[in-house]
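Student: For the sequence shown, counting from 1, position 86 maps to 85 in numbering that gives the first Met the number 0; every step adds exactly one. Using N, Cα and C, we set each Cβ at its ideal position, and we do this for glycine too. Small disclaimer: the values here were computed from a predicted structure and weren't measured.
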Amino acid sequence: MIKDSNFLRKSFLEFFQKKGHRIVPSSSLIPDNDPSVLFTTAGMQQFKLYYLGSKDPFKDLHPLLNEPLNTLQTATCQKCLRTSDIESVGDESHLTFFEMLGNFSFGGYFKEAAINYAWEYLTQSLKIAPERMTVSVFKGAAEVPFDQESYQFWLKLGFPKEKIILGEKEDNFWGPTGKEGPCGPTTEIYVDGLEIWNLVFNQYYKTSEGILKPLKINGVDTGMGLERLALVTEFPQQSEKTIFETDLFKDLMQSLKEASSLPQEKLLRIIADHYRASIFLAAAGVVPSNTERGYILRRLMRRIIRFEKVIQLKEEWYLKGFEILQNKYRNFYPELDNQSEILNTFFQERDKFEKTLQNGIRAWEKLLRRIGEKKEIPGREAFYLYESYGFPLEILEEMAEEQGKVVNQEEFRQEFEKHQEISRIGQEKKFGGHGINTVANEQDKIKITKLHTATHLLLAALRTMLGPQIEQRGSDITPERLRLDFPFARKLTVSELQEIENLVNQMIQKNLKVEHYETTYEEALSQGVIGTFKDRYPEKVIVYEIKDSDTGQIVSAEICAGPHVTTTQELGHFKILKEEAVGQGVRRIKAILE
Ligand code: SER
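1. Does DSSP put PRO175 in a helix, in a strand, or in coil?
2. I need the straight-line Cα distance from GLU416 to GLU386, nearest angstrom please.
3. How long is the line joining the alpha carbons of GLU239 and CYS182, rounded to whole angstroms?
4. Compute the distance between the beta-carbons of GLY177 and GLY101, then report whether it is under 7 angstroms.
5. Which residues share a DSSP beta bridge with GLU416?
6. If I'm right that PHE57 touches ASN69 with Cβ under 8 angstroms, what's the distance once you round it to whole angstroms?
7. Residues near the ligand SER, CB to any non-hydrogen atom under 7 angstroms, in chain order?
8. How long is the line joining the alpha carbons of GLY180 and LEU51, rounded to whole angstroms?
9. To which residues of the same chain is LEU60 closer than 7 angstroms at the C-beta, ignoring the five residues directly before and after it?
10. If we require 4 or more residues per run, which alpha helix (DSSP H) segments fall completely within the region 77–150?
11. Our contact map puts GLU498 next to MET464 with C-beta atoms below 8 angstroms; I'd like the distance itself, whole angstroms only.
12. On the three-pair Cβ rule with 8 angstroms, is the region 217–224 touching the region 155–163?
13. Which residues does DSSP list as the beta-bridge partners of TYR595?
14. Once DSSP output is grouped into helix, strand and coil, what is the label at PHE38?
15. List the endpoints of the continuous alpha helix (DSSP H) containing ILE310.
16. Candidates ILE545, GLY530 and LYS546: which alpha carbon is nearest LYS539's?
17. How should GLU409 be labelled, buried or exposed, when 16 other C-beta atoms within 10 angstroms of its C-beta is the threshold for buried?
18. If we require 4 or more residues per run, which alpha helix (DSSP H) segments fall completely within the region 151–211?
19. Taking the continuous beta strand (DSSP E) assigned at SER26, which residues delimit it?
20. Which same chain residues, not among the five before or five after THR518, have their C-beta less than 7 angstroms away from its C-beta?
21. Ignoring anything shorter than 4 residues, give me the alpha helix (DSSP H) runs that lie fully in the region 301–376, in order along the chain.
22. Quick one: grab the DSSP three-state call for LYS574.
23. Would you decide whether GLN311 is buried or exposed? Buried here means 16 or more other CB atoms lie within 10 Å of its CB.
24. Does PHE430 come out as helix, strand or coil in the three-state DSSP assignment?
25. May I have the straight-line CA-CA distance separating ILE278 from GLN442, to the nearest angstrom?
26. Are three or more beta carbon pairs between the region 95–113 and the region 125–132 nearer than 8 angstroms?
27. What does DSSP give as the partner residue(s) for PHE485 in the beta ladder?
28. Using C-beta distances below 7 angstroms, list every residue in its chain close to ASN436, excluding the 5 sequence neighbours before and after it, in chain order.
29. Classify ILE1 as buried or exposed, calling it buried when 16 or more other Cβ atoms lie within 10 Å of its own Cβ.
30. Using the beta-carbon count (16 or more within 10 Å), is TYR120 buried or exposed?
31. Closer than 8 angstroms is the cut-off here; do at least three beta carbon pairs connect the region 294–309 with the region 321–330?
32. Could you have a look at LYS2 and say whether DSSP puts it in helix, strand or coil?
33. Output needed for LYS446: all residues of its chain with C-beta closer than 6 angstroms, excluding positions within five of it in sequence on either side, in chain order.
34. Where does the unbroken alpha helix (DSSP H) through GLN387 begin, and where does it stop?
35. Buried or exposed: which applies to SER288, given that a residue is buried once 16 or more other Cβ atoms fall within 10 Å of its Cβ?
36. So is ASP350 buried or exposed if we call it buried at 16+ other beta carbons inside 10 Å?
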């Protein structure tokens, strides 16, 4: 049996299935309902709310399954993207896009079973010789104690004491993803000196102020890089080998070499990594732009295009490279079938950048001549290149570094902000953005405020009709209409829609008061208040509450910054215009007030 990446994915998931785990598909690279991070960076993200206890694995629908998980333990092979290591891409083992094999438990088994499973999988299923392994456990820090238990469990397995490294917080304490969330000590497994598996024991919740509070549910969150696992299984004890020689990259690297007239190993690796990442990002629907996710994709693509010139890569390679990736991944990630759309995204960006690239490089060279021996590239000049030729700041920094120079970042930022200010004023004049602050017209402000309150009533009605698992997945309000996305497995019937509309109108007619109060985030959650962005809130939050004055029952309570109307009758008449699908298991309602 060849232990290639297909084998590894399969054997990992089967192993954990046999140990009573439910196999859950990889979630999208764009995290669902988690604005605390731009991308999915770890397998645990889709299970975050189970660790916190704010989602019930036996009651709440899991968005990818359209039913509850019905278990306390799961396993996945998850697509991930991290840009934190982008500078290291090109060495033996760092990547931006990667796949993470993981097993998870939220209130089921804990440290001992997790360590035993990992050991059994590596040494028995994969037959990795124990001599090749070392492990680390958390030695403790001021606010968190030494992870004595993990240490003992390794010893119990017969693991030699001298091969258990006591690690610092930087290496052996994980999380949270984003500013706050679950986190805890880790034990890491190394094979041939390379870290391959990270076992995290979520015991704490880190608040946005940086305080660690014990979690009620003990959680296990493990992550093993598929590419690294492939490296140590395909090339046992061959330290000169790199992940780019594993089956995951071999063909891509070979094709790159063949299509390049001036190949340089490091640049080939960077292009291979970035191209794979870009393809998966485009397949997830990301479009290059100058903000957030789009900016990351732009940076990856523009880096490819810049290096393409250096290694003199033939243009035909891009199609070939895509086909290689498709063959490698399409069985597991069917979104790569969408060839024309994905490649269009790439080529459009390439066209855009190429149009100015040559002139940009000329301007850059001129600038270099102008500043001569000086070490610093003025921020203003860098901003000019960014603005006029589309060089992302990080690319300019790299180009500067190649010349032994640095960009004055502070000055760049000042220029950037000045420019943002100018374009913001332009936007406000154009009018009609989403945010209420950018709306100049008083009339429209009132319309948006009303639709905002109507959105709360609609969500309440949906929960009454369809169940408490309904939550807001997205909302967009213009002066004309509201739009609300929520998870639900099927189309709503005409009579359901009618009933939802009626419920909202009843609440409007009852002229209920819309009140708000300040409380702590934790308190709000414990009262069952809805918070859409569960991990993003500050300690103190505002809750908008609508109570039924007849029954005293709370109709709607949501963490929200407002503004809202003061009584529901102000809304007039509520009408649903449309109900449609916006993705697997996600529905969208558009509605107006008349
Ligand atoms: N969340 C941990 C990591 O990303 C383990 O999955 O390393």
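Tutor: Result, derived from the coordinates:
1. Reduced to three states, the DSSP call for PRO175 is coil.
2. A straight line joining the alpha-carbon of GLU416 with that of GLU386 spans about 12 angstroms.
3. GLU239 and CYS182 have their C-alpha atoms roughly 35 angstroms apart.
4. Result no, Cβ atoms of GLY177 and GLY101 do not sit closer than 7 angstroms.
5. For GLU416, no pairing in a beta bridge is given by DSSP.
6. Yes, they are in contact, since the Cβ atoms of PHE57 and ASN69 sit about 6 angstroms apart, within 8 angstroms.
7. A Cβ closer than 7 angstroms to some heavy atom of the ligand SER marks a residue here, and those residues are THR40, ALA41, GLY42, MET43, MET99, GLY101, TRP173, GLY174, ASN197, VAL199, ASP220, THR221 and GLY222.
8. If you take the alpha carbons of GLY180 and LEU51, they lie about 8 angstroms apart.
9. Within the same chain, Cβ atoms closer than 7 angstroms to the Cβ of LEU60 are found at GLU66, PRO67, GLN468 and PRO486, the five residues on either side in sequence being excluded.
10. Listed in chain order, the complete alpha helix (DSSP H) runs (minimum 4 residues) inside the region 77–150 are 110–119.
11. The Cβ separation is near 6 angstroms, so the contact holds.
12. Contact between the region 217–224 and the region 155–163 is absent, because fewer than three Cβ pairs lie under 8 angstroms.
13. With the chain represented from 0 up to 593, any question about residue 595 goes unanswered, as that position is not in the structure.
14. When secondary structure is reduced to three states using DSSP, PHE38 falls in the coil class, being assigned neither helix nor strand.
15. No residue range can be given for ILE310, since it is assigned to no alpha helix (DSSP H) and is classified by DSSP as neither H nor E.
16. By alpha-carbon distance to LYS539, the top candidate from ILE545, GLY530 and LYS546 is GLY530.
17. Its Cβ having fewer than 16 others within 10 Å, GLU409 is exposed.
18. The region 151–211 contains these whole alpha helix (DSSP H) runs: 168–171.
19. No beta strand (DSSP E) contains SER26, which DSSP labels as neither H nor E.
20. For THR518, where only same-chain residues beyond five positions count, the Cβ hits under 7 angstroms are VAL540 and VAL542.
21. DSSP assignment within the region 301–376 yields the following whole alpha helix (DSSP H) runs of 4 residues or more, N-terminal first: 316–328 and 338–370.
22. If DSSP states are grouped into helix, strand and coil, LYS574 belongs with the strands.
23. Exposed, since its Cβ has fewer than 16 Cβ neighbours within 10 Å.
24. With a pLDDT of 33 at PHE430, under the threshold of 50, the modelled position of that residue is not reliable, and the figure given next carries that caveat. PHE430 falls in the coil class under three-state DSSP.
25. One C-alpha to the other measures close to 44 angstroms.
26. Verdict: no, contact absent.
27. PHE485 is bridged to ARG586.
28. Note on ASN436: pLDDT 33, under 50, position unreliable in the model; the coordinate value appears next. None.
29. Its Cβ having fewer than 16 others within 10 Å, ILE1 is exposed.
30. By the neighbour-count criterion, in which a residue is buried when 16 or more other Cβ atoms sit within 10 angstroms of its Cβ, TYR120 is buried.
31. The region 294–309 and the region 321–330 do not touch, with fewer than 3 CB-CB distances between them shorter than 8 angstroms.
32. Residue state, collapsed to three classes: coil.
33. Closer than 6 angstroms at the Cβ level, and outside the excluded window around LYS446, lie PRO478.
34. Looking at the sequence itself, residue 387 is Ser, so the reference to Gln does not match. Residues 378–388.
35. Counting Cβ neighbours within 10 Å, SER288 comes out exposed, since fewer than 16 surround it.
36. By the neighbour-count rule (16 or more Cβ atoms within 10 Å), ASP350 is not buried but exposed.
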